[in-house]
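Read in order, the letters of the sequence shown correspond to residues 0 to 986 in numbering that gives the first Met the number 0.
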Amino acid sequence: MTDSRTLPPHVGDARRLEALRGYDILDTPPEKGFDDIVELARLICSAPVALVSLVAGDRQWFKAKSGFASCETSLDKSICAYVLGEPDLLVIPDLSLDPRTRDNPLVTGEPKLRFYAGAPLEAADGQRLGSLCVIDLAPRPGGLTDRQSAALRALAGQVMSQMELRRSVAERESLLSGQAALIDQQNALIAAQAAVTQAAGDRDVILDTLVAGVMAAVSQAEGAVIELLEGDELVYRSARGALDSHVGLRVPIAGSLSGHCLMNAKPVLCPDLLVDPRVRRDLVEALGARSAVCVPILRGGEAVGVLKLQSSHPDAFTGLDLHVASLFAGTIPAGLAEAGEAEARRGLRAGEATLRTVMETLPVGVLIAEAPSGRVVDHNARAGVILGHAVAADPTGEQPKRWVGFHADGRRVEPNEWPLDRVARGGEPRAELEVDYRRGDETRAWVGFSAVPMRDIDGRRIGAVMVVTDIDGRKRDELHLAAAKQAAEDANRAKSEFLANMSHELRTPLSAVIGYSEMLQEEMEDGGHDDLLPDMRKIEANARHLLGLINDVLDLSKIEAERMETFVEDFAVDAMVRDVATTVESLVSAKENALSLDLAADLGDARTDVTKLRQCLINLLSNAAKFTEGGRITLSAERGERDGVDWLTFRVSDTGIGMSPDQQARLFERFTQADASTTRKFGGTGLGLSITRAFASMLGGAIAVASETGRGTTFTVSVPARIAGTNDAPQGDEDAGPPLSEDASGQGLVLVVDDDPATRDLLMRFLKRDGFQVAAAINGREGLEMARSLRPRVILLDVTMPQMDGWSVLRALRGDAELGNTPVIMVTVLGERNLAFSLGATDYLQKPVDWDELHGVMDRFRPQDHEGPLLVIDDDDDTRERMSARLAREGWRIVAAQNGKVGLAAVAAERPCLVLLDLMMPEMDGFTFLSTLRAKPEWGSIPVVVLTAKDVDGEDRRRLAGQADRVLRKGEVGLDELPALLRSVVT
0 MTDSRTLPPH
10 VGDARRLEAL
20 RGYDILDTPP
30 EKGFDDIVEL
40 ARLICSAPVA
50 LVSLVAGDRQ
60 WFKAKSGFAS
70 CETSLDKSIC
80 AYVLGEPDLL
90 VIPDLSLDPR
100 TRDNPLVTGE
110 PKLRFYAGAP
120 LEAADGQRLG
130 SLCVIDLAPR
140 PGGLTDRQSA
150 ALRALAGQVM
160 SQMELRRSVA
170 ERESLLSGQA
180 ALIDQQNALI
190 AAQAAVTQAA
200 GDRDVILDTL
210 VAGVMAAVSQ
220 AEGAVIELLE
230 GDELVYRSAR
240 GALDSHVGLR
250 VPIAGSLSGH
260 CLMNAKPVLC
270 PDLLVDPRVR
280 RDLVEALGAR
290 SAVCVPILRG
300 GEAVGVLKLQ
310 SSHPDAFTGL
320 DLHVASLFAG
330 TIPAGLAEAG
340 EAEARRGLRA
350 GEATLRTVME
360 TLPVGVLIAE
370 APSGRVVDHN
380 ARAGVILGHA
390 VAADPTGEQP
400 KRWVGFHADG
410 RRVEPNEWPL
420 DRVARGGEPR
430 AELEVDYRRG
440 DETRAWVGFS
450 AVPMRDIDGR
460 RIGAVMVVTD
470 IDGRKRDELH
480 LAAAKQAAED
490 ANRAKSEFLA
500 NMSHELRTPL
510 SAVIGYSEML
520 QEEMEDGGHD
530 DLLPDMRKIE
540 ANARHLLGLI
550 NDVLDLSKIE
560 AERMETFVED
570 FAVDAMVRDV
580 ATTVESLVSA
590 KENALSLDLA
600 ADLGDARTDV
610 TKLRQCLINL
620 LSNAAKFTEG
630 GRITLSAERG
640 ERDGVDWLTF
650 RVSDTGIGMS
660 PDQQARLFER
670 FTQADASTTR
680 KFGGTGLGLS
690 ITRAFASMLG
700 GAIAVASETG
710 RGTTFTVSVP
720 ARIAGTNDAP
730 QGDEDAGPPL
740 SEDASGQGLV
750 LVVDDDPATR
760 DLLMRFLKRD
770 GFQVAAAING
780 REGLEMARSL
790 RPRVILLDVT
800 MPQMDGWSVL
810 RALRGDAELG
820 NTPVIMVTVL
830 GERNLAFSLG
840 ATDYLQKPVD
850 WDELHGVMDR
860 FRPQDHEGPL
870 LVIDDDDDTR
880 ERMSARLARE
890 GWRIVAAQNG
900 KVGLAAVAAE
910 RPCLVLLDLM
920 MPEMDGFTFL
930 STLRAKPEWG
940 SIPVVVLTAK
950 DVDGEDRRRL
960 AGQADRVLRK
970 GEVGLDELPA
980 LLRSVVT
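Here's what the structure looks like:
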């Protein structure tokens with residue numbers, strides 16, 4: 000047996016095997032030319048067997064044979080393989096003796112070969128492909144004769160010539176066949192392009208035509224599809240053959256051959272999809288594909304899809320097929336563009352038709368003009384109807400300038416004012432105009448014009464669109480409304496002025512009545528005329544009742560005019576509620592009612608308008624007391640959270656007469672009570688609850704009522720615990736007056752400035768009786784002159800006066816270098832506390848004057864006798880010691896404290912004649928010290944001079960107003976000046 004491991008290395012040489020494959024001769028049918036050669040070789044060499052043997056990589060195959068039955072043998076039986084390694088003929092006289100062949104099955108067994116002679120078949124490039132051999136069944140010790148050897152070599156050359164001739168003929172036939180196929184492919188491409196042209200822009204027809212054309216051009220293709228990119232998927236848009244049923248399929252880009260082709264924008268030829276790592280196996284099996292060609296569809300250098308051909312057989316496609324597919328893929332973008340343009344044309348025509356339909360059905364006129372000429376190129380019929388004349392073709396762009404219109408003030412509209420001209424020619428982004436337009440029939444009507452630019456896809460201005468609107472009805476309504484509004488505002492101003500004047504005129508005499516009645520009561524008690532006191536008290540009570548009605552009406556007018564302000568301040572809720580209960584206690588007990596409090600433990604502090612909140616509670620408690628007799632009234636308060644905001648809830652419950660649902664529905668109407676019988680029986684104006692609801696709303700809250708006839712009523716008021724008030728807003732004139740730190744020449748004189756004789760007389764008599772020296776002025780101008788000549792210790796100032804009102808006097812005083820720090824107490828019927836303090840008032844009293852309150856305020860300005868020490872409160876040790884030493888040398892007895900807390904303890908130990916106070920201190924600052932000091936009646940009259948390094952702003956002034964007598968700034972007042980300043984305060 001021949002050992003394949005002993006075969007010459009030439010047998011497996013790759014270049015030799017490639018050369019053999021290039022002849023494409025293996026396994027081909029017998030051919031006469033080769034058969035004749037072997038027959039001739041057998042005769043010449045007198046041998047029974049002759050073969051043309053071609054040695055492949057795994058076998059030897061016989062192209063021609065004579066005297067031998069088999070067509071091929073395995074390499075282990077090959078003798079011809081040894082020819083490949085020989086330089087010339089291979090002659091083996093006795094095969095059974097040669098070590099290379101003695102074990103060959105054909106030698107040891109049938110047909111028992113003994114002699115072999117073979118000539119190599121050598122190609123032009125030197126590669127040996129096999130041999131032409133003769134074989135004998137008997138040994139030939141002498142081998143071949145020279146003549147036989149030469150003949151065998153010559154015949155081997157003839158075999159190679161036959162092989163070369165055969166290959167040339169095959170190549171020629173292949174070339175001719177390829178040319179025919181190329182012609183067929185070109186014809187298919189031309190036919191497809193012609194069909195695309197005739198498709199009239201129908202996208203589906205275009206794509207189907209191209210798919211059918213490529214299928215016809217590549218006969219190996221069993222299916223073809225155009226896949227277009229949508230998002231992150233490829234969608235089968237048009238398919239033929241095996242892929243026809245898959246139209247609409249969505250294929251992910253990742254894991255598909257088409258996706259790989261799309262992402263790389265390069266053609267792909269895949270001979271076997273089953274072994275390609277770029278392809279998901281489930282996609283291959285679902286589509287029944289084994290080999291495929293994919294070509295990207297490029298538009299503007301960007302891949303927008305893929306043309307794919309597939310076959311169920313491996314190696315179905317060649318490079319030529321890839322080339323043909325690329326040609327067809329190159330026509331697809333043009334087809335898509337044609338389809339897009341056709342769709343755009345159809346869309347444009349549809350859009351134009353729609354636009355025309357819309358324009359003609361719009362209730363407004365529309366004009367379209369070119370830019371920059373302003374020439375009107377289109378309009379709808381409605382434009383002519385509104386304008387009252389035809390809108391003719393305008394080749395010049397001058398048409399809008401010939402229109403005639405007038406502004407509201409009667410001015411004629413200039414040519415360059417028309418919106419169409421301003422946008423089309425002037426380039427404005429938008430223009431609008433309302434015009435009293437002169438129509439074609441010379442009538443006038445209000446017309447609105449509104450123009451905006453038209454731009455192309457690149458944003459360039461190409462024209463303008465103007466909308467023409469009939470606004471005649473609306474405009475005339477607006478003019479009527481404006482006139483009515485002006486009349487209403489005039490009436491409201493007149494009402495407000497009337498109420499302001501009347502409130503002043505009514506309050507002034509009422510204040511005098513109340514003041515004189517109080518004074519007469521005191522004189523009657525001193526003179527022993529007790530029998531007259533009940534009548535005098537009735538006079539006072541009725542006067543106060545009338546004053547309350549006037550105040551309610553004034554409050555209502557302020558609420559209606561939205562002029563009511565909120566003055567917020569911090570306060571303890573529990574203390575406020577208890578104070579309200581104390582205030583109404585006598586009113587509640589008048590009808591033998593009992594008042595109980597139900598207060599939650601966590602009421603804490605609040606920041607709101609405490610005056611209005613108190614008024615709400617007093618109104619509700621007064622209302623409960625009025626309609627309850629021999630019953631119980633409960634005032635409860637609690638604190639809760641809503642949406643992260645703290646709210647306070649107050650409830651006033653009574654066991655009184657209650658109300659029906661109909662009565663509750665009218666409850667908060669102004670000047671309305673439950674019914675007429677209620678008014679007759681219980682009295683009242685019906686304003687209290689409406690004002691209460693208005694106040695609750697101003698405080699950011701609401702009021703609700705629950706009642707049952709005969710069972711009683713519960714009112715619930717809910718307000719936020721903290722709000723921002725009018726006084727929280729920055730003041731427009733914080734520096735209206737000079738700093739309070741400037742010195743003032745103070746004497747023991749009080750100057751009263753009031754135009755009402757009764758009020759002046761009351762104030763003067765009270766102040767004189769209280770130990771003050773008093774001077775009086777009858778108007779603001781005279782008061783200012785007397786202040787400059789008399790240098791009073793303090794001024795009591797009214798507001799509403801002829802010639803020069805109180806506000807003007809206050810500004811003049813604060814602007815005067817010598818009088819700037821004179822204490823000024825406003826005494827007026829107006830509720831303008833916030834304004835007064837912002838202008839620099841020291842304190843504020845509202846008429847009718849509460850004499851106890853006036854006494855407490857004036858105690859601070861009473862001449863002192865220097866009893867008690869001077870209390871110096873400052874946290875800076877050096878400053879405190881320097882001031883104490885300097886003032887001690889001037890004869891003052893000094894007590895020092897390092898903060899407000901220690902200072903209060905010093906006041907409690909011994910009442911000082913004066914307090915010199917710093918503001919910014921640890922533990923307790925000056926503001927807290929002042930509020931605590933003034934809260935105690937026995938300390939309310941102690942003079943306090945603030946000496947601080949702090950930059951005192953408007954908010955600080957408001958906090959100090961009514962609390963401190965002077966405010967001095969450190970660094971501006973020297974130690975030598977300080978003693979005189981302090982003496983002026985206590986003198």
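Glycine included, each C-beta is placed from N, C-alpha and C at the ideal position.
Cross-strand partners of residue i (DSSP beta bridge)
| i | result |
| --- | --- |
| V294 | L306 |
| E369 | G462 |
| R249 | V234 |
| C269 | A291 |
| L228 | L233 |
| V966 | V945 |
| G976 | According to the sequence shown, residue 976 is Glu rather than Gly. E976 is not bridged to any residue. |
| P756 | Looking at the DSSP assignment, P756 forms no beta bridge with any residue, so it has no partner. |
| L748 | Q772 |
Pairwise C-alpha distance: residue j and residue i
| i | j | result |
| --- | --- | --- |
| S290 | V303 | 23 Å |
| E591 | Q663 | 26 Å |
| G961 | R832 | 11 Å |
| K625 | N618 | 10 Å |
| R239 | T208 | 10 Å |
| V10 | S45 | 29 Å |
| T799 | L688 | 30 Å |
| A989 | I225 | Absent from the structure is residue 989, since the part of the chain shown begins at 0 and ends at 986. |
| G731 | L959 | Legend: pLDDT at G731 = 38, less than 50; position of this residue unreliable, value from coordinates given subsequently. Using only the alpha carbons, I get a separation of about 19 Å. |
| L432 | S717 | 49 Å |
| R109 | L136 | For clarity, residue 109 is Glu in the given sequence; the question names Arg instead. In a straight line, the C-alpha of E109 is about 10 Å away from that of L136. |
| P266 | R236 | 19 Å |
| E741 | L838 | With a pLDDT of 35 at E741, under the threshold of 50, the modelled position of this residue cannot be trusted; read the value that follows with caution. In a straight line, the C-alpha of E741 is about 16 Å away from that of L838. |
| A150 | I43 | 8 Å |
| W445 | I470 | 6 Å |
| W417 | S449 | 9 Å |
| Q746 | L981 | With a pLDDT of 49 at Q746, under the threshold of 50, the predicted position of this residue should be treated as unreliable, though the coordinate-derived value follows. Those two C-alpha atoms are separated by around 13 Å. |
| H259 | T356 | 49 Å |
Proximity of residue i and residue j at Cβ, strictly below 9 Å
| i | j | result |
| --- | --- | --- |
| V752 | M857 | no |
| L228 | L128 | no |
| K76 | P104 | yes |
| D597 | E568 | no |
| R631 | S588 | no |
| V572 | L647 | yes |
| A328 | V294 | yes |
| V106 | V48 | no |
| P270 | D314 | yes |
| A840 | L870 | no |
**Request:** For the stretch 819-834 and the stretch 918-935, state whether three or more C-beta atom pairs, one from each stretch, are separated by less than 8 Å.
**Result:** no
**Start-end ranges of the beta strand (DSSP E) lying completely within the stretch 103-183, minimum 3 residues** = 114-121, 127-135
**Asked** Taking the runs of the beta strand (DSSP E) that are 3 residues or longer, which of them lie wholly in the stretch 578-643?
**Response** 593-598, 604-607, 631-641
**Asked** On the three-pair Cβ rule with 8 Å, is the stretch 863-883 touching the stretch 904-922?
**Response** yes
**Message:** Using a Cβ distance threshold of 8 Å, determine whether the stretch 878-889 contacts the stretch 776-795, with at least three qualifying pairs required.
**Reply:** no
**Request:** May I have a chain-ordered list of the alpha helix (DSSP H) segments no shorter than 4 residues that lie completely inside the stretch 777-810?
**Result:** 779-789
**Message:** Extract the residue ranges of the beta strand (DSSP E) inside the stretch 700-725, only unbroken runs of 3 or more that lie entirely within it.
**Reply:** 701-707, 711-719
**Asked** Are the stretch 814-821 and the stretch 846-854 in contact at 8 Å, needing three or more beta carbon pairs?
**Response** no
**Asked** For the 8 Å Cβ check, are there 3 or more pairs between the stretch 109-128 and the stretch 84-97?
**Response** yes
**Request:** Mind the definition here: the stretch 143-160 touches the stretch 71-85 only if three or more C-beta pairs lie below 8 Å; say whether that holds.
**Result:** no
**Prompt:** Which full runs of the beta strand (DSSP E) of 3+ residues lie inside the stretch 846-932, going along the chain?
**Reply:** 869-872, 893-896, 913-916
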